[in-house]
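Novice: Numbering (mature numbering (1 follows the signal peptide of the UniProt record, and there is no 0)), first residue to last: -19 to -1, 1 to 583. From the three backbone atoms N, C-alpha and C, an ideal C-beta is built for every residue, glycine too.
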C-alpha cells in the first residue's frame, strides 16, 4: 500500500512539473517576443536545463547575447561542447560569441571548423546551414551547402535552398550558375527560372551574363534541350527575335518536332509586332509539307502576318497585290463559308484601302453577308465594314442607315456601341457637329473603355472648338483631314492639317492637330516626326486633352524601340502620377513595373 502511494505521489509530482514547465514556456516566450530578455533568460535557463531541448537552447543563448552576458554564454557553451562534442550547433554558438565580442578571426576559424566537420548526412547538413541562415550568415549557409555537396559527392542536393539565398542576395552570377546546374536533372524548374531571372535582372548586361553562360553549356552539352529553351527565352526577353528564330529552327531539326513549338513562338513574334520574323517562322513550317499538322494554320497565319505588315505601312503595291491574291486563293480553295470569312474580310479591306478598288470591296462584303451560317456578330461586324466602304464610295446615307441598323440589332452591346460611334464619327466628317456631340455624349457611359474614351475625345474636341467662328471653321478643316486619313490618304491629311493654321491663325486646335499628325507619322514609320509631335503635346501640359494619350504613346515608342527604356519608364511614371484616372494608367503601371524589373506575373 505504501508502494502504491509513493508511485501516485511521484505521478502527481511529474504532472505538476509538466504543468509548471508549460506555464514557464508560455511566459518565457512572451518575455522573449517583447524583448524583456532579463526576465526571459531566467525561465529559459530553467527550461533548457530541464529538457536539454535545442529550441530552448537557441532562445536562452540568444537572450544571453542580447544582454551581452558573453562570459556566461561562453561558459555554458563550452560546457555543452565538452558534454556533446558532435553537436555542431554548439560550435556555431561559440563562434557567434567571439563574433559579437569583436574577435572576428577566432569566430571565422570556428565557423570553418564546423563546415569542415559536417557529417555525410543531408539532413544534418541542412540543419547546420539553417542555423547560419537564422542569424543572417548567408555566405556561411552557402558554404555549408556547397561543402555538403562535396561530402555527399552529389551536385543536386540543396538546390532550392541555394536558389533562395542567391535570389535574396541578388547574386545574379551564382543564381544563373545554380539554375544551369539544376535544369538538366530538373527541367520542370524552367518556368520558375524564367520568372525569377526576369525579376532579378535589371539591364542588358544581366541578360548577356546568362547568354554567355548558356552558350558555354550548350557547347559542352548540345543535347541538353532545356539550355536551348532558356536561351530562346533570353533572346525573346531581349527582343532579339531573329536570334530566337535561329535557335528554334535548330532545335526543331534536332528534335524532329512537328512544328508546334515554332508555331507557338511565331505567335509571340506577332504579339511583339516582329512580323518579318514571324513570316520566316511560318515559311519554315510550310517547308515541312502539307502532311504537317501545322501546315494550314501556318499558311493562314503567315498571310495574316503579311496583312499586319501592310496596315503598318511596310509593303509596296506589288506585295499588297500578292497578299490579296493569297487571300483569294484561300477563298477559291475552300469556298465562301464561315471558316473563310476572315479571308474575305481582309481581302475586301485590301481592295478598299490599299488597292483603290472600292467596288470590289463593296461587292465582297455584300456577298459575305449572304454566306449561310454566318454568326450574327460576324455579320454585324461585316456591316460596319460595309458602312465604312459606303463612306468611301460617297454614299453617306447608306452608311448611316447600316450603322443604325447594327446599333438597334445589338443595342447595349459592344458592337452596337461601336456602330453608334461610327455614326457619330460620320456626322463629324460631314460637319454635323451638334448631332455628333449628342451621340458621343451618350456613348461616354459605354461599358467598353475604348469606345467610351473615343466618344469622350470626340465630344471634347467638338465642345472645345466651337467657341468662335474661327474655331468652327478650323474644326471643319480638321474634320476634312480626319476624313482623308480615314480614306488612307495620309499625305493629303498632313497637308490639310498643316493648312489649318495658315487659313485660321491662333485657332484652338493646336494639340488636336499635333495628335492627329503623330498618329499618321507612327503608321508611316516616321518615328522622329511622331516623337516631336508628341513631345509638343506633353509640353502643353494640362491645357491638352491629349496629354495622357501623348505620354503613353511616346513611352510606348521608346519601349518598343528598345533604345530608351529609362525614358519610357519615366514617362509611364509621369502618366501614373499626373493622370490617375486615364484609361492608360493600369497598362502604364504594368509596363512601368516590368521595366523596373518587378515580376508582373505574380
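So, at 8 Å on beta carbons, what are the nonlocal neighbours of residue -19 in its own chain, with the 5 sequence-adjacent residues on each side left out?
Specialist: The pLDDT assigned to residue -19 is 44, lower than 50, so where the model puts this residue is not dependable, and the model offers no usable value.
Novice: Just to confirm my understanding: we take residue 369, look at its own chain, exclude 5 residues before and 5 after, and list those with CB closer than 6 Å. What are they?
Specialist: Taken in chain order, the list of residues that qualify is empty.
Novice: In its own chain, which residues sit with a C-beta less than 6 Å from the C-beta of residue 453, not counting the 5 before and 5 after it?
Specialist: 447.
Novice: Rounded to whole angstroms, how far is the Cβ of residue 405 from the Cβ of residue 417, which I believe are closer than 8 Å?
Specialist: Right, their Cβ atoms sit about 5 Å apart.
Novice: Check whether the stretch 316 to 324 touches the stretch 292 to 304, counting contact only when three or more Cβ pairs, one atom from each stretch, lie closer than 8 Å.
Specialist: At 8 Å Cβ cutoff, the stretches do not touch.
Novice: Using a threshold of 8 Å, state whether the C-beta atoms of residue 106 and residue 124 are closer than that.
Specialist: No. Outside cutoff.
Novice: Under three-state DSSP, which class holds residue 361?
Specialist: It is helical.
Novice: Would you kindly report the start and end of the unbroken alpha helix (DSSP H) that includes residue 323?
Specialist: 322 to 334 is the extent of the alpha helix (DSSP H) around residue 323.
Novice: Assign residue 412 to one of three DSSP states: helix, strand, or coil.
Specialist: In the structure shown, residue 412 sits in coil (DSSP, three-state: anything other than H, G, I, E or B).
Novice: Return helix, strand or coil for residue 260, following the three-state DSSP convention.
Specialist: Residue state, collapsed to three classes: helix.
Novice: By the three-class DSSP mapping on this structure, what secondary structure does residue 581 have?
Specialist: Because the pLDDT of residue 581 is 46, which lies under 50, any placement of that residue in the model is unreliable, and the number read from its coordinates should be weighed accordingly. Note: residue 581 maps to coil in three-state DSSP.
Novice: So the alpha helix (DSSP H) residue 118 belongs to, where does it begin and stop?
Specialist: Premise fails: residue 118 is in no alpha helix (DSSP H) and is neither H nor E.
Novice: Counting Cβ pairs closer than 8 Å, one from the stretch 489 to 504 and one from the stretch 520 to 540, do we hit at least three?
Specialist: Yes, the stretch 489 to 504 is in contact with the stretch 520 to 540.
Novice: Go through its chain and collect everything with a Cβ distance to residue 207's Cβ below 8 Å, but skip five positions before and after it.
Specialist: So the list reads 164, 165, 168, 171, once near-sequence residues are dropped.
Novice: By Cβ distance below 7 Å, which residues in the same chain neighbour residue 566 in space, the five residues on each side in sequence not counted?
Specialist: Here the set comprises 556, 557, 560.
Novice: Count the other CB atoms, across all protein chains shown, that sit within 10 Å of the CB of residue 562; report buried if there are 16 or more and exposed otherwise.
Specialist: Residue 562 should be labelled exposed.
Novice: Contact defined as beta carbons within less than 8 Å: I believe residue 398 pairs with residue 432. What is the distance between those atoms, to the nearest angstrom?
Specialist: Indeed, because the Cβ distance is near 5 Å, the residues count as touching under 8 Å.
Novice: Which whole-angstrom value is the C-beta distance of residue 517 and residue 536, which I expect to be below 8 Å?
Specialist: Not a contact, Cβ separation roughly 16 Å.
Novice: Does the distance between the C-beta of residue 360 and the nearest non-hydrogen atom of the ligand GTP fall short of 7 Å?
Specialist: This structure lacks the ligand GTP, and indeed carries no ligand of any kind.
Novice: Leaving out five residues on either side along the sequence, give the residues of the same chain with a beta carbon under 8 Å from the beta carbon of residue 236.
Specialist: These residues qualify, in order along the chain: 206.
Novice: Compare the C-alpha of residue 479 against each of 495, 464, 467 and name the closest.
Specialist: Per the Cα distances, 495.
Novice: Does the distance from the C-beta atom of residue 410 to that of residue 424 stay below 8 Å?
Specialist: In this structure, residue 424 does not lie closer than 8 Å to residue 410 by Cβ.
Novice: Are the Cβ atoms of residue 255 and residue 288 separated by less than 8 Å?
Specialist: For residue 255 and residue 288, no; Cβs fall outside 8 Å.
Novice: Closer than 8 Å by C-beta to residue 336: which residues in its own chain qualify, once you throw out the five before and the five after it? Chain order, please.
Specialist: The residues are 298, 301, 302, 305.
Novice: Using 8 Å as the threshold, is the C-beta distance between residue 54 and residue 78 below it?
Specialist: Yes.
Novice: Do you know how far the Cα of residue 279 is from the Cα of residue 270?
Specialist: If I take the Cα positions, the gap works out to 11 Å.
Novice: Got a sec? Which residues, its chain only, sit under 8 Å from residue 568 by beta carbon, not counting five neighbours each side?
Specialist: Once the five neighbours on either side are set aside, the close Cβ partners of residue 568 are 533.
Novice: Just mark residue 104 as buried or exposed, buried being the case when its beta carbon has 16 or more other beta carbons within 10 Å.
Specialist: Exposed.
Novice: Give the single residue among 86, 396, 84, 66 whose Cα lies nearest to the Cα of residue 98.
Specialist: Residue 98 has its Cα closest to that of 66, out of 86, 396, 84, 66.
Novice: Helix, strand or coil for residue 454 per DSSP?
Specialist: Here residue 454 sits in helix by DSSP.
Novice: With distance defined between alpha-carbon atoms, name the residue in 178, 477, 374 nearest to residue 154.
Specialist: That would be 178, whose Cα lies nearest to the Cα of residue 154.
Novice: Just list the alpha helix (DSSP H) runs in the stretch 108 to 182, keeping only unbroken ones of 4 residues or longer that don't cross its boundaries, in chain order.
Specialist: Counting only runs of 4 or more, we get 119 to 133, 140 to 150, 153 to 163, 171 to 181.
Novice: Find the nearest neighbour of residue 231 within the set 262, 201, 253, judged by alpha-carbon distance.
Specialist: Comparing Cα positions, the closest option is 262.
Novice: If you draw a straight line from the C-alpha of residue 371 to the C-alpha of residue 233, how long is it?
Specialist: Computed Cα separation, rounded: 48 Å.
Novice: Is it a yes or a no for the stretch 14 to 30 touching the stretch 44 to 51, going by three-plus beta-carbon pairs under 8 Å?
Specialist: Contact holds: three or more Cβ-Cβ distances are below 8 Å.
Novice: Hey, could you find the ends of the alpha helix (DSSP H) residue 480 is sitting in?
Specialist: Residue 480 -> alpha helix (DSSP H) spans 471 to 484.
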